[in-house]
Amino acid sequence: MRLPLPALLALTTAAFITVLTEALPAGVLPALGADLGVVESAAGQTVTVYAIGTAVAAIPLSAATAGWRRKRLLLTGITGFAVANTVTAVSADYLLTMAARFVAGLAAGVVWALLAGYARRLAPEGLPGKAIAVVMAGIPLALSLGVPAGTFLGGVLGWRVTFTVMSVLAVVLLGWIAVAVPDFAGSPGGGRLPVRRTLAVPGVAPVLVVTLVFVLAHTILYTYLATFLERAGLGAEVGLVLLIFGVASMVSIWVVGAWIDRGLRALTIAGTVLVGAAAGVLGVFAGSPALVYLAAAVWGLGWGGVPTLLQTAAGQAGGEAADTAQAVLVTLWNAAMAGGGMAGGLLLDHFGAGAFPWAALVLLVPVLAVVLGAREHGFAGHARYGRT
368 MRLPLPALLA LTTAAFITVL TEALPAGVLP ALGADLGVVE SAAGQTVTVY
418 AIGTAVAAIP LSAATAGWRR KRLLLTGITG FAVANTVTAV SADYLLTMAA
468 RFVAGLAAGV VWALLAGYAR RLAPEGLPGK AIAVVMAGIP LALSLGVPAG
518 TFLGGVLGWR VTFTVMSVLA VVLLGWIAVA VPDFAGSPGG GRLPVRRTLA
568 VPGVAPVLVV TLVFVLAHTI LYTYLATFLE RAGLGAEVGL VLLIFGVASM
618 VSIWVVGAWI DRGLRALTIA GTVLVGAAAG VLGVFAGSPA LVYLAAAVWG
668 LGWGGVPTLL QTAAGQAGGE AADTAQAVLV TLWNAAMAGG GMAGGLLLDH
718 FGAGAFPWAA LVLLVPVLAV VLGAREHGFA GHARYGRT
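Printed below as a string of structure tokens:
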């Protein structure tokens, strides 16, 4: 059976918009901070406040909207992006910009909690992993194409133009979803999410711990990548480094999509090791353009498939509580992004940009330990899927 690609690609675009809206400040951070009259560490908190909005929204909004028709909820979330990015594009006030970013984070909390479950429901029997991989391809696409393009466009026409383009893209996506994406019913009668019971399911806790710490490590380095490269004398290379990272991420998600049903555990271990190796290279050889490019490629190869791996692992471990496990994962993912933005700002102010790769490397040690220990539940060798 074939995957319903028009519908899945609309969800891929929703993931693309979600990630690009979140990550775009990383590519225009110096200009954004200067235009809003704040230092770079304060400008970096535009990523943090977005992540906070997503983290606080995922579980309570998922519970509050559990009875909504799925298409209606998805359209509401994308509309939130259109409005928030428009306000960001025209705002000249730091506090207003932060408020708009928080609203965008709320929209992301709604959308992220929908995507994996929507993909599973759209997929033919036996292909949920590949369907999720198609949707999650929006993440490396945003990083490989969206952020470099936004960085370039911001350099030529100003960062505000990039957010305006994001708003236009969201409006186009609204029409695409309305035409191409089937609707599904919500949960009968809504209901509260049984979070405590879900956390007690064997394997769920290890997946969530890995999510929290892995994303924290990645975010510390990625959010301040432009600043890190500038301090290393490679400020002009930000766009190229992001492009290399993103292209490698696309390769990673292709490999994960092809092998996830047979090698979830091995792929997760490999991803952790590759990201750690890249962080080590950046820490030691930050002044060498060739080795920085190599590190970006290795980083992308390790990271690109991680969202698919973790969402699949959460669905697999959660079983009947898979949707709740996904909502908790989204919350922790974005709590980690918020924590990474704040921790990165503190590291920058107190230790300098050179501390970023070492902080990431230290955090990846317990990630690897948990994955290795969760052999039976959480990160088993083969993906298994609970009911959708």
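Going by the numbering used here, the residue at position 266 of the sequence shown is 633; the numbering climbs one at a time, nothing skipped. Glycine included, C-beta positions come from ideal geometry on N, C-alpha and C.
Assumed close pair residue i, residue j - CB separation to whole angstroms, cut-off 8 Å
| i | j | result |
| --- | --- | --- |
| Leu-370 | Val-478 | 20 Å between Cβ atoms; not a contact. |
| Leu-583 | Gly-671 | Incorrect: roughly 18 Å between the Cβ atoms, too far for contact. |
| Thr-529 | Gly-517 | 4 Å |
| Ala-681 | Gln-693 | 6 Å |
| Ile-544 | Leu-441 | 6 Å |
| Ala-425 | Phe-448 | About 16 Å separates the two Cβ atoms, so there is no contact after all. |
| Ala-418 | Met-704 | 4 Å |
| Leu-482 | Leu-378 | 6 Å |
| Leu-512 | Leu-375 | The pair is not a contact, with the Cβ atoms about 18 Å apart (cut-off 8 Å). |
| Val-648 | Leu-661 | 7 Å |
For residue i, the first and last residue of its enclosing alpha helix (DSSP H)
| i | result |
| --- | --- |
| Thr-578 | 571–590 |
| Leu-658 | 656–670 |
| Val-737 | 722–740 |
| Ala-410 | 407–410 |
| Ala-451 | 437–457 |
| Gly-434 | Segment: none, Gly-434 is in no alpha helix (DSSP H) and carries neither H nor E. |
| Glu-389 | 372–394 |
| Arg-487 | 461–489 |
| Pro-507 | 505–508 |
| Val-548 | Neither: Val-548 is in no alpha helix (DSSP H) and is coded neither H nor E. |
| Leu-494 | Careful: Leu-494 lies outside any alpha helix (DSSP H) and carries neither H nor E. |
| Ala-684 | 673–685 |
| Gly-745 | From DSSP, Gly-745 is part of no alpha helix (DSSP H); its letter is neither H nor E. |
| Ala-567 | Per DSSP, Ala-567 belongs to no alpha helix (DSSP H) and is neither H nor E. |
| Leu-601 | Looking at the DSSP string, Leu-601 is not in any alpha helix (DSSP H), and its letter there is neither H nor E. |
| Ala-516 | 514–524 |
Rounded straight-line distance, which links the Cα of residue j to that of residue i
| i | j | result |
| --- | --- | --- |
| Gly-558 | Leu-462 | Low confidence applies to Gly-558: its pLDDT is 49, below 50, so where it sits in the model is not reliable, and the reading given next is rough at best. Near 35 Å, if we compare the C-alpha coordinates of Leu-462 and Gly-558. |
| Ala-398 | Trp-526 | 7 Å |
| Phe-746 | Leu-631 | 7 Å |
| Gly-600 | Gly-400 | 19 Å |
| Val-574 | His-717 | 32 Å |
| Ala-382 | Val-535 | 16 Å |
| Leu-524 | His-744 | 50 Å |
| Gly-411 | Thr-590 | 7 Å |
| Leu-588 | Val-659 | 13 Å |
| Ile-499 | Ala-456 | 31 Å |
| Leu-508 | Gly-740 | 32 Å |
| Phe-551 | Arg-436 | 6 Å |
| Val-695 | Thr-421 | 11 Å |
| Leu-634 | Ala-663 | 19 Å |
| Thr-453 | Arg-742 | 46 Å |
| Leu-541 | Thr-380 | 10 Å |
| Pro-373 | Ala-486 | 12 Å |
| His-585 | Val-514 | 16 Å |
| Gly-404 | Met-533 | 23 Å |
| Ala-710 | Asp-402 | 23 Å |
| Ala-689 | Val-568 | 10 Å |
| Ala-451 | Thr-413 | 12 Å |
| Val-576 | Leu-677 | 11 Å |
| Leu-391 | Val-548 | 27 Å |
| Pro-443 | Thr-388 | Contrary to the premise, residue 443 reads as Thr rather than Pro in this sequence. Distance between the alpha carbons of Thr-443 and Thr-388: 16 Å. |
| Ala-736 | Gly-712 | 27 Å |
| Gly-721 | Ala-644 | 16 Å |
| Leu-730 | Ile-636 | 14 Å |
| Ile-611 | Gly-669 | 13 Å |
| Pro-674 | Met-503 | 7 Å |
| Ala-615 | Gly-553 | 37 Å |
| Phe-519 | Leu-714 | 27 Å |
Residue i: CB within 7 Å of a non-hydrogen atom of the ligand GDP
| i | result |
| --- | --- |
| Ala-747 | No copy of the ligand GDP occurs in the structure displayed, which carries no ligand at all. |
Q.
What ranges does the alpha helix (DSSP H) occupy inside the segment 603–645, keeping only unbroken runs of at least 4 residues that lie completely in it?
A. none
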